[in-house]
Each structure stands twice: as C-alpha cells, then as structure tokens.
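K.L.:
Under the numbering used here, the residues of the sequence shown are numbered 500 to 610, in order.
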Amino acid sequence: MRKDALRNALLLVIALALVEIAARPYVSPPPVAADSSAAHALYIEPGVQNLRYPDGTGQVYGKVVVDLRTGKIWGFPTGTVDPYPSYPLDSKPAVSRPFALGRYAFEDLDK
C-alpha cells in the first residue's frame, strides 16, 4: 500500500511538471525580435523622379534610393516613367546601374 501511494505521488509530480512545461509558452511567450542586420538597409522613394546627373550632362527618369547606414543617395535610371528599368526595343530584362546623387550627413543628427 505504501509503494502505491509513493508511486502515485511521483506520477502526480511528473504530470504537474509536464503541464507546467506545456503551458509556459501560452502563459508567458518568449519575446520575438526581427533580425536587424539587413545586408542593405535601404529606403526606396515611392514614384519615379527626374534625376539630374551630378556632372550636369543630362537628366533621366529613375528611382531615388537612400542607404540608411551611410546616408548616400543613389539614382537608379529607369529610362521611362515606369517604376522599373524598361527599354521596349530590347527583348532582354533591363538592368539599372546606380549613380551617386549625394549624401545625407546622418552623423550630424547627434550634435
């Protein structure tokens, strides 16, 4: 009789521990954080802008992209008012190469 009571008490302790382990994620879920170490932290300006080449040789339609880590501003020519590079006379997908437009001095914000 004593062995049955001891065995039942141990089984009850094990069952309560398992219930506590199973209920823990519902009672206090662990915090979730997104990975903030993106390869390129970029802000892409909505719409298409008329971009002027820094040397003054001309202008072209394109997208403005800001590198949020360095503050550099890049222009990606699209050639048209489409939001992606488009060259109707060429059957291959177009590739837009960026050119530097300027830089935001983010480091001055802490002064």
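Note that the Cβ used here is the ideal one computed from N, Cα and C, for glycine as well.
From P587 to P524, what distance separates their C-alpha atoms?
P.N.:
Cα-Cα distance, rounded: 55 Å.
K.L.:
Just checking my contact of V564 with F575 at CB under 8 Å: how many whole Å lie between their CB atoms?
P.N.:
Right, their Cβ atoms sit about 6 Å apart.
K.L.:
Pick helix, strand or coil for Y552, following the three-state DSSP scheme.
P.N.:
DSSP places Y552 in coil when its eight states are reduced to three.
K.L.:
Going by the beta-carbon positions, is the gap between W573 and P597 smaller than 8 Å?
P.N.:
A contact, by the Cβ cut-off of 8 Å.
K.L.:
Cα separation between D581 and P529?
P.N.:
Roughly 44 Å between the two C-alpha positions.
K.L.:
So A599 and K571 are in contact, right, with Cβ under 8 Å, and what is the actual spacing, rounded?
P.N.:
Contact flag correct, Cβ pair sits at about 7 Å.
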